[in-house]
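Each residue of the sequence shown is one higher than the one before, starting from 1 at the first, in UniProt numbering. From the three backbone atoms N, C-alpha and C, an ideal C-beta is built for every residue, glycine too. Being a predicted model, the structure only gives us computed values, none of them experimental. Below is one structure, written out as structure tokens; comments come after it.
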Amino acid sequence: MTATYPARPECTTAPLGGPSTGLVTEVVTDEAVFAALGPAWGRLYGRCGTATPFLSHAWLHSWWRSYGRTGRLRLLLVRRGPGGELAAAAPLMLVRRPLPALVPLGGPISDYGDVLLDDGDDGSAAGALAAALSRAARTALVDFREVRPGGAAERVLARWRGPRRALDDSLCLELPAVPMEELVARLPSGKAQRVRAKLRRLTALGVERRVAGPGEVPAALHRLLELHRSQWQGRGVTAEHLRPRFREHLVRAVGPMVRAGDAVVTEFRLDGEVVAVDLTLLSRGLAGGYLYGADPRLRERKADVAVMLLDACSGHAAAAARGAAGGRGVLSLLRGDEPYKHHWRPEPVVSRRLLLARRRTAPLLVAVLAETAVRRRGGQALRRGGRVSLRWGQALRRWKQALRRWMPGRRDGH
């Protein structure tokens, strides 16, 4: 159903931008409406050059089914007239702890967050989305985490009327989206020779790879997760990767993404047995090796798993870049600064955290800035080899206490 602001049914609609723009904004809060948006969302996704795979409808809707909470969905849409094509979309949800905020769907299992904006937008859709965000936020902060530099959310930030800040977020490492031989050519001669020797070793062992078809994806992903559990046994595996909800999300999302060209699942076989599986996510300008599982016996056979995976992933990235407008792209090694990633001489790229507030929610913005500063200084103390000082621990506790005192007295319109 539809209604004008400030009603709060499953989907609310309001004209914005005046008759000269013809733009209409909607706030969707119902999962069934979210599901039905697939085709229109996909078209907008295809028109947004900065979109990452984590903004595909299949990924977001599946994530919501596994991780979302009833009553928290907030999809902000900008259409070109009532019932018209999407010009912008912000996939968000409401959280209330540690403070009330609108945050991107996808959570910690998504390496990037952003909004979708039509590449042809002259700024009016970005402005309409900013205004819709301001209205939808009410007494909450808008907190965009993990936005790639140049992401569409930066265009919304530029048009935000109210307190705003941009902070550094996670570090990602990126390589050019070129075939493996070109990646090897970037290395010093000695390292390049060793990599070529490892590639020859894989060939000599008889390691074969094949891309799983859409109908084969569920079985391939189950095998990936089994191998992932095995390879990390006793070494501190990410707990979420072993949970049923993550498995269900991955199987549900990746099948449609493979059919749409937004993901590739690659199986590696040795002596007729699947010994490794890789999941690479793709978009117009970016490819990323998201998750893999490898049989520990590969290392016993002196097979370099990292080289094997990058050989496949770089091929997928290069093919995707050739098919994109301009023929350029990046192969993201995603979040993390692990030493093995630096062997390939990647470029460090720091994602951004964009904080947007209204005047009435400026205290929330200040609280986040204070908490971020405390954690950063505490981290610096740890990196210097000492324990976090009592002073910083007390400061963090005071921040949390002050926030709890402020929150019960506020009037929450959500």
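Test item: CB-CB of residue i and residue j under 7 Å
| i | j | result |
| --- | --- | --- |
| Thr266 | Val307 | no |
| Leu133 | Val78 | no |
| Ala166 | Val330 | no |
| Ser56 | Tyr67 | no |
| Ala140 | Ala204 | no |
| Glu174 | Glu347 | yes |
| Cys172 | Leu334 | yes |
| Arg328 | Ala320 | no |
| Asp169 | Ser351 | yes |
| Val254 | Ala260 | no |
| Gly107 | Arg159 | no |
| Val289 | Cys313 | Reading off the sequence, residue 289 comes out as Gly, not Val. Yes, the pair counts as a contact, with Cβ atoms nearer than the cut-off. |
| Val24 | Ala136 | no |
| Met257 | Ala58 | yes |
| Ala357 | Gly162 | yes |
| Gly22 | Gly71 | no |
| Ala239 | Ala287 | no |
| Asp143 | Val195 | no |
| residue 451 | Gly206 | The question about residue 451 has no answer, for the chain in this structure spans 1 to 414. |
| Val95 | Ala153 | no |
Where the beta strand (DSSP E) through residue i begins and ends
| i | result |
| --- | --- |
| Ser170 | 164–176 |
| residue 429 | The requested residue 429 is not part of the displayed model; the chain covers only 1 to 414. |
| Ala212 | It is not in any beta strand (DSSP E) - Ala212 carries neither H nor E in the DSSP assignment. |
| Leu274 | In the sequence under discussion, the amino acid at residue 274 is Val, which differs from the Leu named in the question. Residues 273–282. |
| Tyr292 | 286–294 |
Opening and closing residue of the alpha helix (DSSP H) in which residue i lies
| i | result |
| --- | --- |
| Thr203 | 189–205 |
| Arg135 | 124–137 |
| Ala263 | Segment 263–270 is the beta strand (DSSP E) holding Ala263; no alpha helix (DSSP H) there. |
| Glu248 | 244–260 |
| Val33 | 31–36 |
| Leu183 | 180–185 |
| Leu157 | 153–158 |
Whole-angstrom C-beta distance between residue j and residue i, which should lie under 8 Å
| i | j | result |
| --- | --- | --- |
| Val275 | Arg269 | 7 Å |
| Gly315 | Met180 | 7 Å |
| Glu146 | Gly113 | 5 Å |
| Pro214 | Val251 | Wrong, their Cβ atoms sit about 12 Å apart, outside the cutoff. |
| Leu75 | Pro91 | 6 Å |
| Ala88 | Leu117 | 5 Å |
| Gly293 | Glu226 | 7 Å |
| Trp63 | Leu105 | 6 Å |
| Leu291 | His249 | Rounded, the Cβ-Cβ distance is 12 Å, inconsistent with contact. |
| Leu354 | Leu157 | 5 Å |
| Val184 | Ala197 | Actually they do not touch by this definition, with Cβ atoms about 11 Å apart. |
| Leu99 | Ala367 | 6 Å |
| Leu187 | Arg65 | Not confirmed; about 43 Å, so no contact. |
| Ala303 | Arg201 | 7 Å |
| Ser230 | Asp295 | 7 Å |
| Val305 | Arg297 | Contact flag wrong, Cβ pair sits at about 11 Å. |
| Leu279 | Leu224 | 6 Å |
| Asp271 | Leu199 | The Cβ separation is near 19 Å, so there is no contact. |
| Val349 | Pro149 | 6 Å |
In DSSP terms, what residue i is bridged to
| i | result |
| --- | --- |
| Val142 | Leu102, Leu356 |
| Val147 | Arg352 |
| Leu117 | Ala88 |
- Considering only residues of the segment 299–361, which uninterrupted beta strand (DSSP E) runs meet the minimum length of 3 residues and lie entirely inside it, listed in chain order? 330–335, 347–356
query: What are the start and end residues of each continuous beta strand (DSSP E) run of 3 or more residues lying completely inside the segment 39–102, in chain order?
result: 73–80, 86–95
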